[in-house]
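Single-structure report; data block below.
Chains as they are written, first to last, in my numbering: chain W, 4 to 182; chain A, 4 to 182.
Below is the structure:
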């Protein structure tokens, strides 16, 4: 059965659970069309500017950062519980040194509305177009977050992605790792 | 029955529906302890820095802006369907000119974890402490959003609130205006 459109908020409990546990996969294709997955644990969704948005953060030191700056779009993908370990594996390698998709046994597949691909093996997909970005800056950040998350600097860039499409496997709720 | 703790994502579909329709109420108390409600239609929730966050936006021209800068905390409150019109009413007045709570027949009640109060009549409550803020800047904002949302400038400040407490009426799901 094909993946089905879902409302933005419908599978947010499952997506937030993935973010807070094994991680979700942010996928971006560079100018050369080659896609790279990055494991993310942070993100927010909602409505800003009258548009549904998915907010993600990427450190400038990451390989994905250059791709995000080039691409202007991204997808967020949630793996099923039985493949939760793959998100973790993706978090331990850099796309600079290897083909992370191949290393993790994941397959890029065409998106519906953006250029960056989705991951075929994932069960929940958000396709997003970057409409705004700004940066985490140390001066107005709570001191305990600054010392805990940024001991060496490398402050995240915050990308605000307009969600153009959200869809999922019909049994995504059952196959997700939680809640 | 007292209001009950809920998980951050549990009533997000109802909260997002309120934001996108009648509005939710952002409540902030200034230094003098006087609370002011502002109707909001935008917001995102999720996890950033390993903390649950609620992101809200306030224009510098708003009375609430000065209060937010003073207070460092806020609450977001969702009214039941039968009082949806009150959120709208709150959106048409300024706290500079009147006591908006009284005008709207709403009651400030003590929060559990922050100084800004909640609204007793609301059915879903998020208590938040500001941990970071930055601004919408025109240079990297999608042009169609810039022209539609900011024809006169007055770019929003974005407040990232760490969610310290989320709770709701036991029948909040049934009493919410949607989905």
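Here a beta-carbon is modelled for each residue, glycine too, at the ideal position from N, C-alpha and C.
Among 70(A), 16(A), 150(A), whose alpha-carbon lies nearest the alpha-carbon of residue 160(A)?
70(A)
Would you say residue 48(W) lies against chain A (beta-carbon separation less than 8 Å)?
Closer than 8 Å to some Cβ of chain A, the Cβ of residue 48(W) qualifies, so yes.
Nearest-angstrom Cβ-Cβ length linking residue 46(A) and residue 22(A), presumed shorter than 8 Å
6 Å
Would you say residue 137(A) reaches chain W, if we count a Cβ-Cβ gap shorter than 8 Å as a contact?
yes
Is the shortest distance between the beta-carbon of residue 145(W) and the beta-carbons of chain A less than 8 Å?
yes
Any idea what DSSP makes of residue 54(W), helix, strand or coil?
strand
The segment 56–81 of chain A: which residues have C-beta closer than 9 Å to a C-beta of chain W, in chain order?
56, 57, 58, 60
What do you get for residue 156(W), buried or exposed, if any count of 16 or more other CB atoms within 10 angstroms of its CB means buried?
Counting Cβ neighbours within 10 Å, residue 156(W) comes out exposed, since fewer than 16 surround it.
Cutoff 7 Å; reference residue 114(W); Cβ partners in own chain excluding five residues on either side
78, 120, 121, 130
At a CB-CB cut-off below 9 Å, which residues of chain A make contact with residue 140(W)?
Those within 9 Å of residue 140(W) in chain A are 135, 137.
Can you tell me which of 110(A), 15(A), 89(A), 169(A) puts its alpha carbon nearest to the alpha carbon of residue 26(A)?
89(A)
Can you find a CB in chain W that lies within less than 8 Å of the CB of residue 12(A)?
yes
Under 8 Å between beta-carbons, which chain A residues line up against residue 19(W)? List them in chain order, please.
Near residue 19(W) (Cβ distances below 8 Å), the residues of chain A are 11, 12, 49, 50.
Is DSSP giving residue 99(W) helix, strand or coil here?
coil
For the beta strand (DSSP E) that contains residue 168(A), what are its first and last residues?
160–171
How long is the line joining the alpha carbons of residue 36(W) and residue 68(W), rounded to whole angstroms?
15 Å
Compare the beta carbon distance of residue 80(A) and residue 42(A) with 8 Å and say whether it is the shorter of the two.
no
Report, in whole angstroms, the separation of the C-beta atoms of residue 11(W) and residue 166(W), which I expect to be a contact under 8 Å.
6 Å
Reduced DSSP category for residue 40(A) - H, G, I as helix; E, B as strand; rest coil:
strand
Closer than 8 Å to chain W by CB, residue 16(A):
yes
If you draw a straight line from the C-alpha of residue 126(A) to the C-alpha of residue 105(W), how long is it?
48 Å
Give the DSSP-derived three-state secondary structure of residue 86(W) in the structure shown.
helix
Own chain, CB closer than 6 Å to residue 168(A), minus 5 neighbours either side, in chain order
Around residue 168(A): 115, 116, 130.
Quick one: grab the DSSP three-state call for residue 147(A).
helix
Cβ of residue 134(A) within 8 Å of Cβ of residue 111(W)?
no
Looking at C-alpha atoms only, which residue of 8(W), 100(W), 24(W), 5(W) is the closest neighbour of residue 179(W)?
24(W)
Tell me, please, which residues DSSP counts as bridged to residue 130(W).
78(W), 168(W)
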